[in-house]
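These protein sequences, in sequence, are chains A and B. Counting from 1, position 67 in the first sequence corresponds to residue 67 in my numbering; the numbering is continuous, with no gaps. Each number in my numbering comes from the position in the second sequence (counting from 1) with 1000 added on.
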Amino acid sequence: GAVVSQHPSRVICKSGTSVKIECRSLDFQATTMFWYRQFPKQSLMLMATSNEGSKATYEQGVEKDKFLINHASLTLSTLTVTSAHPEDSSFYICSARNLAGPKNIQYFGAGTRLSVL
Amino acid sequence: AQSVTQPDIHITVSEGASLELRCNYSYGATPYLFWYVQSPGQGLQLLLKYFSGDTLVQGIKGFEAEFKRSQSSFNLRKPSVHWSDAAEYFCAVGTEDTGTASKLTFGTGTRLQVTL
């Protein structure tokens, strides 16, 4: 149980294009999902908290217009990197909290490696 | 604000040897502590967690961790390491749930290499 699916696992795009990453909770409902960014050999940095049916809460320094988050249902959150540039290349990981489970536990997706050419 | 320190960036152990990964945290209230493991190019898998109660917690894959409040530590241990344990290990502290999002703060990670 508590499986989080993230798609795509890898994406290569041209500079200036937008990329959408999906995060799905497969066997549970998640009112809250989190989006992290991980640079090579570094830790995870929280970008934003995604709440179903409401606006996402962004961490300081994260551009809202650059990283659009939509959490339209209890099982799906999307992160759209708009007008991507090479500096946006990174490993993006989502996590989800089970609505019916302990609120402090996050279940993670397998991540998306974004490469912007 | 909470913080997590993992002093060891890289550790190498022989297969079959014991392992201890260090984690120190800073948080003003009762912490919620976690250890996650990440294989290359993958997401994070929860190894174990501490919320309250018994300070020695058992996790998956034969791992355990001990919460020591006096030392603000939550070190991860395994009696006998297997080659498949080679991965990146992250310690994290979470805030007490207040009905809103409970964020996790991660340490910088410790890369474990296992020699045969």
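Just so you know, even glycine gets a beta-carbon here, dropped at the ideal spot from N, CA and C.
Query: Of the residues A/HIS85, A/SER77 and A/VAL81, the one placed nearest A/ARG97, counting alpha carbons only; Result: A/SER77
Query: Heavy atom of the ligand MN within 8 Å of B/GLN1042 beta-carbon; Result: With respect to the ligand MN, the structure shown offers nothing to examine, as it has no ligands at all.
Query: Three-state class that DSSP yields for B/GLU1088 in the structure shown; Result: strand
Query: Any C-beta of chain B under 9 Å from that of A/ILE69; Result: no
Query: Pair within 9 Å by beta-carbon distance, B/VAL1037 and B/ALA1087; Result: yes
Query: With 16 other Cβ atoms within 10 Å as the buried cut-off, status of A/TRP35; Result: buried
Query: Length of the line joining the Cα atoms of A/ILE21 and A/THR75; Result: 14 Å
Query: DSSP-derived helix/strand/coil call for B/LYS1061; Result: helix
Query: Cut-off 6 Å between Cβ atoms - residues of its own chain near B/GLY1016, not counting five sequence neighbours on either side; Result: SER1080
Query: Three-pair Cβ contact test at 8 Å for the stretch 1067–1083 of chain B versus the stretch 1036–1056 of chain B; Result: yes
Query: Three-way DSSP call (helix, strand, coil) for A/SER115 in this model; Result: strand
Query: Beta-carbon contacts of B/PHE1106 that lie in its chain and below 7 Å, excluding the five residues immediately before and after; Result: VAL1004, PHE1090 and ALA1092
Query: Residue closest to B/ASP1008, alpha-carbon to alpha-carbon, out of B/VAL1114, B/LEU1116, B/THR1115 and B/THR1110; Result: B/THR1110
Query: Neighbourhood of A/LEU46 by C-beta, 8 Å cutoff - its chain only, sequence neighbours within 5 removed; Result: PHE34, TRP35, TYR36 and GLU59
Query: Any C-beta of chain B under 9 Å from that of A/ARG24; Result: no
Query: Length of the line joining the Cα atoms of B/LEU1076 and A/ALA84; Result: 39 Å
Query: For A/PRO86, the nearest candidate out of A/GLY101, A/VAL19, A/GLN6 and A/GLY111 (CA to CA); Result: A/VAL19
Query: A/ASP65 classed as buried or exposed, judged by whether at least 16 other C-beta atoms fall within 10 angstroms; Result: exposed
Query: Interface flag, A/LYS41 vs chain B, CB-CB below 9 Å; Result: yes
Query: Buried or exposed by the 16-neighbour rule on C-beta atoms within 10 Å, applied to B/SER1018; Result: exposed
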